[in-house]
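Undergrad:
In the working numbering, the protein residues as written are 72 to 287.
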C-alpha cells in the first residue's frame, strides 16, 4: 500500500526515501517512482524494529536532502493465530515490535526535522484497530495501540506537524488467504484496489484530513 502512496507523490515530482528489509522490492518501487517523475529516490535497507536502523534512516535522509517534510508510515506483520495457540507468548513479540514499536521509533527520530519543515505524518493502519478480527488478536492490538499513539501525538505536535491516519479495507493480505476465508467467511473482508485506495489517501492528505476511512 505505502508504495502506491509513494507513487502518487512521485507523480508530483517529490523526492523519496524508501526503506524496507528487502532491497529487491525497494529497487522495483524506486525505479517506477523515477519513471513517474520523482526528482530523486534513495533506498535504504533496514529493519524498523531495530532502533539503530531507524535512526540511521533519518540521519541518511537529512544528510542527502537536508530536510524532511513527510513521513509515510506503514509497518505490517500479520499472523493468523489464536492467542492460546502461541507455543510461547513471546512468539507474539515480533508483531508488536514491527507494527507498533517500528512506527514509534521512526517517528521519534523524525519529529525534530518535521517540526522544522512544518511537515506531515501519514499513517496507514487497518480496520482491525476498530473491529474484532478472528485469528488476529495481537495484530488488532498492535493496530489499535498505533491509532491511539498517533491520535495522542497529533495533540502533542499540533500545530507544527499534521497527522493523517488512514484505515484502508482489506487489500490482498493474509486475511484473504483460503484458510482464513474458509474458516471465518468473507464478511470481514472489504475488497478494494490498492491503487484506488492510495489515490484516496493522497487526496485526503492534500485536503488536510486527519482521518481517512472506508476507502475503496
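Beta carbons: idealized from backbone N, C-alpha and C, even for Gly.
Starting from residue 186, follow its DSSP beta bridges and name the residues at the other end.
TA: Per DSSP, none; premise fails for residue 186.
Undergrad: My output table needs one value for residue 207: the three-state DSSP class, helix, strand or coil.
TA: strand
Undergrad: Does DSSP put residue 119 in a helix, a strand or coil?
TA: Three-state DSSP puts residue 119 in coil, outside helix and strand.
Undergrad: If you check the beta carbons only, do residue 232 and residue 191 fall under 9 Å apart?
TA: yes
Undergrad: Okay, do the region 214-228 and the region 197-206 touch, 3+ Cβ pairs below 8 Å being the bar?
TA: These segments touch.
Undergrad: With DSSP as the reference, please indicate the residues paired to residue 144 in a beta bridge.
TA: DSSP output for residue 144 lists 194 as bridge partner(s).
Undergrad: Taking only the alpha-carbon atoms, compute the straight-line gap between residue 103 and residue 78 and give it to the nearest angstrom.
TA: 8 Å
Undergrad: Name the two residues that bound the continuous alpha helix (DSSP H) containing residue 97.
TA: Counting along the chain, residue 97 sits inside the alpha helix (DSSP H) bounded by residues 94-107.
Undergrad: DSSP three-state label for residue 113, please.
TA: Of the three classes helix, strand and coil, the one that applies to residue 113 here is strand, per DSSP.
Undergrad: Any idea which residues DSSP pairs residue 91 with across the strands?
TA: Beta-bridge pairing by DSSP links residue 91 to 116.
Undergrad: Enumerate in chain order the residues of its own chain whose CB-to-CB distance from residue 114 is below 6 Å, with the five nearest sequence positions on each side excluded.
TA: 89, 97 and 101
Undergrad: Taking only the alpha-carbon atoms, compute the straight-line gap between residue 272 and residue 237 and give it to the nearest angstrom.
TA: If I take the Cα positions, the gap works out to 7 Å.
Undergrad: Just the C-alpha distance for residue 129 and residue 170, rounded to the nearest angstrom, thanks.
TA: Cα-Cα distance, rounded: 19 Å.
Undergrad: For residue 119 versus residue 177, is the C-beta spacing smaller than 9 Å?
TA: yes
Undergrad: Going straight from the alpha carbon of residue 230 to that of residue 110, what length do you get?
TA: Distance between the alpha carbons of residue 230 and residue 110 is about 28 Å.
Undergrad: Is DSSP giving residue 272 helix, strand or coil here?
TA: Residue state, collapsed to three classes: helix.
Undergrad: Does the Cβ-Cβ distance between residue 150 and residue 195 come in under 9 Å?
TA: no
Undergrad: Output the boundary residues of the alpha helix (DSSP H) element that contains residue 167.
TA: 164-167
Undergrad: Excluding sequence positions up to five away, which residues of its chain have a Cβ less than 7 Å from the Cβ of residue 215?
TA: 200
Undergrad: Is residue 202 helix, strand or coil when you go by DSSP?
TA: The answer is coil: DSSP assigns residue 202 none of H, G, I, E or B.
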